[in-house]
Amino acid sequence: MELFNENSKLAAVILRDHSLLPVINRLGIKLGFGDKTIRNICEEKGIDINFFVETINVFHYEAYFPEKRLLDFSVSMVIEYLMKTHQYYVNYLIPENDRLIEMFLSATPDESSENELVRKFYTKFNDEFVIHINFEEREMFPYILELNEAISNPAHRSRFRQKYPGYSIEGFEKEHSNMDDKMDDLKNIIIKYLPPNYDQNRGNAFLANLFMFDKDLKNHSRIEDHLLIPKVKQLEKLLQSYE
C-alpha cells in the first residue's frame, strides 16, 4: 500500500484520487497550487502537516487507520475539521442531492408507489441526519472542547464539573446514532424500488452523488468513532486522576 507523504505533490495526489478534493478544501486548500508539495502548501497555509497527511490517507485507503498516531492530535483540531465537514454536507452535498432527486423523480411525472417510497426514505434520512449533526454541534462538541480546556487550565475544572455532572462520552455515544447503516438502507431502497421507466441518466447522476456522500460519511464516522471518542476517553480519565 503506497501512502501519500509530505513530499507528495498535491496535484499528483488529486489526479490519483479526485474524491479528495472536498477533503483538502476542508483543510483550507483550494486548487491552483502548481507543483508544490504537501509540505510546501501546509507551511504556507499554517496547516499541521502530519494531520493533513494522515487525513488524506484515511480517506484514500479504506483499510488505513493509524489510530495511535492520530490520537496525538488535539481534539480542537479534529473538531474543527469535523465542523467543516458538517458545513460541506449541509451547504453542498445535501442541497445537491435534493436537486438531483427532484430532477430524477420529475422525469417520471406520474405519481407511483415507487416514487413515494423513494421520496419518503430520502426525506427520512435527511431529517435524521440533520438531527444527528445538530446534536453533535450543540451537545457533544462543546462538551469535548470544555473538557479539553479543563485539562489544560486547572482554573476551569470546577466550573466544568458543575456544568457536566455525571457526563461522559459514553453517554453521548448512546445518542450517536449509526448514520452509516441508515445510509445503506437508503441506497438499498432506491436501487431496489426505482420507478418503472425511470430516466437512467438522472437516476445515475443522483446515485453517483449519493455514493460519494456515503463514502465521505463512512470516513467521517471512522474519525469520530476511532479517533475522537477514544481521545475523549483518555481526557476523561486524566481529569478523574486530578480529583
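By the numbering used here, the letter at position 104 of the sequence shown is numbered 101, and the numbering carries on one by one without gaps. Just so you know, even glycine gets a beta-carbon here, dropped at the ideal spot from N, CA and C. Quick caveat, the model's predicted, so the values are computed rather than measured.
Report the option in the options whose CA atom is closest to the CA atom of residue i.
i      : options                           : result
Lys230 : Glu167, Arg219, Leu67 and Leu191  : Glu167
Thr52  : Glu233, Arg135, Glu221 and Ile226 : Glu221
Gly25  : Ile38, Asp181, Thr34 and Asn150   : Ile38
Leu102 : Arg66, Leu28, Arg116 and Val50    : Arg116
Phe126 : Leu18, Val10, Ser218 and Asn145   : Ser218
Asp178 : Phe122, Glu146 and Phe203         : Phe122
Leu114 : Val10, Asn185, Ile226 and Asn201  : Asn185
Asp213 : Val20, Gly31 and Ala9             : Val20
Glu170 : Met180, Lys27, Glu136 and Phe48   : Glu136
Val180 : His57, Phe210 and Leu224          : The question names Val, but residue 180 in the sequence shown is Met. Selected option, being the one with the closest Cα: Phe210.
His57  : Lys189, Ser109 and Val10          : Val10
Tyr161 : Leu68, Leu236, Asn47 and Phe118   : Leu236
Ser71  : Leu191, Lys27 and Asp45           : Asp45
Leu232 : Asp14, Leu68, Ala8 and Glu64      : Leu68
Tell me the DSSP secondary structure of residue i in three-state form.
i      : result
Lys212 : helix
Lys6   : strand
Lys27  : coil
Gly43  : coil
Phe118 : helix
Gly110 : Contrary to the premise, residue 110 reads as Ser rather than Gly in this sequence. In the structure shown, Ser110 sits in a helix (DSSP, three-state: H, G or I).
Ser71  : coil
Glu240 : coil
Gly168 : helix
Leu102 : helix
Within a Cβ cutoff of 6 Å, which residues of the same chain sit near residue i, ignoring the five residues on either side of it in sequence?
i      : result
Lys81  : Arg23
Glu41  : none
Glu146 : His153
Leu183 : Phe118 and Phe122
Glu64  : His223
From residue i to residue j, what does the alpha carbon distance come to, in whole angstroms?
i      : j      : result
Glu99  : Gly163 : 46 Å
Glu133 : Val75  : 13 Å
Asn4   : Tyr85  : 28 Å
Glu77  : Phe138 : 10 Å
Leu12  : Leu90  : 22 Å
Ile130 : His83  : 7 Å
Ile141 : Tyr195 : 46 Å
Asn112 : Leu207 : 17 Å
Arg156 : Pro227 : 23 Å
Glu143 : Lys215 : 27 Å
Pro151 : Lys6   : 43 Å
His223 : Ser16  : 22 Å
Gly31  : Gly43  : 18 Å
Ser73  : Phe62  : 20 Å
Ile128 : Ala104 : 30 Å
Ile148 : Tyr190 : 52 Å
Arg96  : Ile188 : 18 Å
Using DSSP's beta-bridge definition, name the partner residues of residue i.
i     : result
Thr34 : Lys6
Return the chain-ordered list of same chain residues with a C-beta closer than 7 Å to the C-beta of residue i, the five sequence neighbours on each side being excluded.
i     : result
Val50 : Phe1, Asn2, Glu3 and Ile35
Asn47 : none
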